[in-house]
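Participant: Numbering (full-length UniProt numbering), first residue to last: 1 to 447. Positions of the beta carbon are idealized from the N, C-alpha and C atoms, including for glycine. The structure under discussion is supplied below as structure tokens; questions concerning it will follow.
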């Protein structure tokens with residue numbers, strides 16, 4: 001498993017080969033124990049001190065190591081993976097990282113002015129089959145405080161969506177054989193973003209959730225016009241459970257219309273609006289309605305279905321944020337300065353992708369041999385920890401993922417479906433502790 005850290009970070013250009021080696025070691029340690037603190041993830045006091053010295057590079061005037069330097073090799077690896085696919089979905093969203101109550105220099109206000117933390121806005125690339133490929137762009141920033149007039153100085157935060165599209169478009173230009181689709185939720189429903197894509201000649205497709213029920217040039221409102229068109233057909237799917245809400249069956253009727261919208265600069269933009277409206281929702285449950293805007297045409301039922309299927313994949317970035325916050329516990333980092341927090345966050349972003357990637361691979365490539373991703377000690381150790389005799393031949397990836405998840409609390413009953421990321425990260429931490437213990441015992445008795 002340690003090879004993955006070398007693959008993702010080995011190309012880092014940090015000005016000193018020793019820093020690259022330390023980066024690889026930290027990534028491996030953090031992945032082995034994602035929920036642990038930095039001292040808990042490192043092997044002893046000497047390794048912990050080395051980790052803190054690494055993060056001190058953020059404030060070193062000569063070195064001036066930034067989070068962009070940490071993520072750069074992973075981004076390059078992600079783009080290499082992208083080349084292997086005909087279509088990729090570039091998911092963007094913003095999440096708050098709450099460090100309230102901690103003594104960390106450089107933090108800014110969050111949703112409430114009294115809160116302290118920072119914001120993360122990554123571009124997380126997945127396939128239409130939901131396989132995470134990695135991160136190709138990110139914004140990390142702390143808000144400035146409001147001035148005496150109640151105004152907040154600094155760059156408009158809406159700019160991150162537009163620049164995010166530009167970065168996706170730049171990547172798309174270098175890979176004409178791959179279709180890039182920029183996707184985001186309601187906050188990205190910005191006329192300037194659509195206008196910018198038009199000016200750039202739309203190097204990447206875009207698909208955003210509609211937030212504004214815009215007035216149309218010919219009169220009337222956007223959503224009403226689309227709903228008044230003839231339905232293209234119906235779709236059915238199972239909506240996954242969330243929190244206390246159980247999974248349920250959903251039927252939706254699809255509508256789509258090509259419309260002209262004001263571009264905010266006196267002109268018009270031609271876009272497609274797709275609406276998926278739930279039919280016969282259960283009593284007491286708010287019907288699900290998705291309203292999407294895109295540059296793509298959807299004249300036929302199959303084209304509209306593709307757009308809805310793509311939008312449903314957007315949930316993968318929420319899973320990524322969940323792993324980052326709850327699996328890697330990045331909001332518990334105690335490094336004293338925002339620059340150091342950003343370095344650690346960059347490493348944990350790749351660790352979070354790795355965990356999500358393993359779970360999804362177990363579903364999309366279940367028959368892949370576990371040896372492709374796990375060492376012999378790891379796959380055998382997963383069985384030994386469960387008081388089972390390891391099989392004579394390596395299990396497939398699905399079996400291995402389930403075995404690890406069972407170490408983290410997954411019951412594996414028929415009604416349980418496939419394991420999630422949480423049981424995987426808990427189980428993998430147990431497994432790596434076991435394997436390391438065996439390795440240390442072998443070294444001791446080999447002397």
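#1: With a threshold of 16 other CB atoms inside 10 Å of the CB of residue 206, please say whether the residue is buried or exposed.
#2: Reducing DSSP to helix, strand and coil, say where residue 236 ends up.
#3: Would you tell me roughly how many angstroms separate the C-alpha atoms of residue 1 and residue 22, rounded to the nearest one?
#4: Using alpha carbons as the reference points, say which of 40, 152, 410, 200 lies closest to residue 419.
#5: For the region 149-199, list the beta strand (DSSP E) runs that are entirely contained and at least 3 residues long, ordered along the chain.
#6: Can you tell me whether DSSP reads residue 201 as helix, strand or coil?
#7: Does the beta-carbon of residue 182 have 16 or more other beta-carbons within 10 angstroms, so that it is buried, or is it exposed?
#8: Are the beta-carbon atoms belonging to residue 96 and residue 110 less than 8 Å from one another?
#9: Expressed to the nearest angstrom, what Euclidean distance is found between the alpha-carbon atoms of residue 408 and residue 212?
#10: In angstroms, rounded to a whole number, what distance separates the CA positions of residue 53 and residue 102?
#11: Hey, how far is the Cα of residue 154 from the Cα of residue 283?
#12: Please name the residue, chosen from 366, 318, 56, 399, that lies closest to residue 353 on a Cα-to-Cα basis.
#13: Using only the alpha-carbon positions, how far apart do residue 68 and residue 346 sit?
#14: What is the DSSP secondary structure of residue 105, counted as helix, strand or coil?
#15: How long is the line joining the alpha carbons of residue 382 and residue 3, rounded to whole angstroms?
#16: Can you tell me whether DSSP reads residue 392 as helix, strand or coil?
#17: Quick one, which of 307, 312, 426 has its alpha-carbon nearest residue 401's?
#18: Quick check: residue 133 and residue 82, are their CB atoms within less than 8 Å of each other?
#19: What span of residues does the alpha helix (DSSP H) with residue 73 cover, start to end?
#20: Under DSSP, the beta strand (DSSP E) around residue 140 begins and ends at which residues?
#21: So, are the CB atoms of residue 385 and residue 355 less than 8 Å apart?
#22: Measuring alpha carbon to alpha carbon, tell me which residue in 114, 116, 113, 137 is nearest residue 124.
#23: Alpha helix (DSSP H) containing residue 9: first to last residue?
#24: Report all residues from its chain with a CB closer than 7 Å to the CB of residue 117; omit the five preceding and five following residues, and keep chain order.
#25: For residue 191 versus residue 256, is the C-beta distance shorter than 8 Å?
#26: Hey, could you find the ends of the beta strand (DSSP E) residue 13 is sitting in?
#27: For residue 185, I'd like the list of residues in its chain whose CB is within less than 8 Å of its CB, leaving aside the five on either flank, ordered along the chain.
#28: Hey, residue 238 and residue 271 are a contact pair by Cβ (cut 8 Å); roughly how many whole angstroms apart?
#29: Less than 8 Å between the CB atoms is what I'm expecting for residue 366 and residue 379, so what's the real figure, rounded?
#30: Rounded to whole angstroms, how far is the Cβ of residue 232 from the Cβ of residue 304, which I believe are closer than 8 Å?
#31: What residue ranges within the region 236-319 form continuous alpha helix (DSSP H) runs of no fewer than 4 residues, ordered along the chain?
#32: Give the straight-line distance between the Cα atoms of residue 350 and residue 342, rounded to the nearest whole angstrom.
#33: Is it right to say residue 358 is buried, meaning 16 or more other beta carbons lie within 10 angstroms of its own, or is it exposed?
#34: Would you check if the distance between the CB atom of residue 9 and the CB atom of residue 27 is smaller than 8 Å?
#35: Is residue 310 buried or exposed, if buried means 16 or more other CB atoms sit within 10 Å of its CB?
Facilitator: This is what the structure gives:
#1: Locating residue 206 in the chain shown gives position 206, counting from the first residue. Counting Cβ neighbours within 10 Å, residue 206 comes out buried, since at least 16 surround it.
#2: Working through the chain shown from its first residue, we reach residue 236 at position 236. Residue 236 falls in the strand class under three-state DSSP.
#3: Locating residue 1 in the chain shown gives position 1, counting from the first residue. Locating residue 22 in the chain shown gives position 22, counting from the first residue. Note that residue 1 has pLDDT 47, beneath the 50 cutoff, so the model's placement of it is unreliable and no number is given.
#4: As a first step, residue 419 is located in the chain shown; it is residue number 419 there, counting from the start. It is 410 whose Cα lies nearest to the Cα of residue 419.
#5: 179-184
#6: Walking along the chain shown from the start, residue 201 turns up at place 201. Of the three classes helix, strand and coil, the one that applies to residue 201 here is coil, per DSSP.
#7: Within the chain shown, the letter at position 182 stands for residue 182. Buried, by the Cβ-count rule.
#8: Within the chain shown, numbered from 1, the residue matching residue 96 stands at position 96. Within the chain shown, numbered from 1, the residue matching residue 110 stands at position 110. In contact: residue 96 and residue 110 (Cβ atoms closer than 8 Å).
#9: Start at 1 with the first residue of the chain shown, and residue 408 comes out as number 408. Start at 1 with the first residue of the chain shown, and residue 212 comes out as number 212. Each residue's Cα considered, the two are about 43 Å apart.
#10: Taking the first residue of the chain shown as position 1, residue 53 is located at position 53. Taking the first residue of the chain shown as position 1, residue 102 is located at position 102. Answer to the nearest angstrom: the Cα atoms are 20 Å apart.
#11: As a working mapping, residue 154 is identified with position 154 in the chain shown. As a working mapping, residue 283 is identified with position 283 in the chain shown. Answer to the nearest angstrom: the Cα atoms are 47 Å apart.
#12: For this step, residue 353 is matched to residue 353 along the chain shown. Nearest option by C-alpha distance: 318.
#13: Within the chain shown, numbered from 1, the residue matching residue 68 stands at position 68. Within the chain shown, numbered from 1, the residue matching residue 346 stands at position 346. When rounded, the distance between both Cα atoms is 8 Å.
#14: On the chain shown, position 105 is the one that residue 105 refers to. In this structure, residue 105 counts as strand in the three-state DSSP scheme.
#15: For this step, residue 382 is matched to residue 382 along the chain shown. For this step, residue 3 is matched to residue 3 along the chain shown. If I take the Cα positions, the gap works out to 19 Å.
#16: Your numbering for residue 392 matches position 392 in the chain shown. Coil, per DSSP.
#17: In the chain shown, the residue the question calls residue 401 occupies position 401. Cα-wise, what sits closest to residue 401 is 426.
#18: Looking up residue 133 in the chain shown gives position 133. Looking up residue 82 in the chain shown gives position 82. Yes, they are a contact pair.
#19: Within the chain shown, numbered from 1, the residue matching residue 73 stands at position 73. Start and end: 67-82.
#20: Translated into positions along the chain shown, residue 140 becomes position 140. Per DSSP, residue 140 belongs to the beta strand (DSSP E) from 132-141.
#21: For the purposes of this step, residue 385 is taken as the residue at position 385 of the chain shown. For the purposes of this step, residue 355 is taken as the residue at position 355 of the chain shown. Contact: no.
#22: What you label residue 124 is simply residue 124 of the chain shown in a count that begins at 1. Ranking 114, 116, 113, 137 by Cα distance to residue 124 puts 137 first.
#23: The residue labelled residue 9 in the question sits at position 9 within the chain shown. 3-9 is the extent of the alpha helix (DSSP H) around residue 9.
#24: Here the question's residue 117 lines up with position 117 in the chain shown. Result list for residue 117: 96, 97, 98, 99, 100, 107, 110, in chain order.
#25: Numbered from 1 along the chain shown, position 191 holds the residue referred to as residue 191. Numbered from 1 along the chain shown, position 256 holds the residue referred to as residue 256. No, Cβ-Cβ distance for residue 191 and residue 256 is not below 8 Å.
#26: On the chain shown, position 13 is the one that residue 13 refers to. Element bounds for residue 13: n/a, residue is neither H nor E.
#27: Working through the chain shown from its first residue, we reach residue 185 at position 185. Result list for residue 185: 93, 208, 209, 314, in chain order.
#28: On the chain shown, residue 238 is found 238 positions in, with the first residue counted as 1. On the chain shown, residue 271 is found 271 positions in, with the first residue counted as 1. About 30 Å; that fails the 8 Å criterion.
#29: Residue 366 sits at position 366 when you count from the first residue of the chain shown. Residue 379 sits at position 379 when you count from the first residue of the chain shown. Not confirmed; about 15 Å, so no contact.
#30: Looking up residue 232 in the chain shown gives position 232. Looking up residue 304 in the chain shown gives position 304. Correct: roughly 5 Å between the Cβ atoms.
#31: 301-312
#32: Residue mapping note: residue 350 aligns to position 350 of the chain shown, counting from 1. Residue mapping note: residue 342 aligns to position 342 of the chain shown, counting from 1. Between residue 350 and residue 342, the C-alpha separation is close to 13 Å.
#33: In the chain shown, counting from the first residue as 1, residue 358 sits at position 358. Label assigned to residue 358: buried.
#34: Start at 1 with the first residue of the chain shown, and residue 9 comes out as number 9. Start at 1 with the first residue of the chain shown, and residue 27 comes out as number 27. Against a cut-off of 8 Å, the Cβ pair of residue 27 and residue 9 comes out as a contact.
#35: Working through the chain shown from its first residue, we reach residue 310 at position 310. Answer is buried; the Cβ neighbour count reaches 16.
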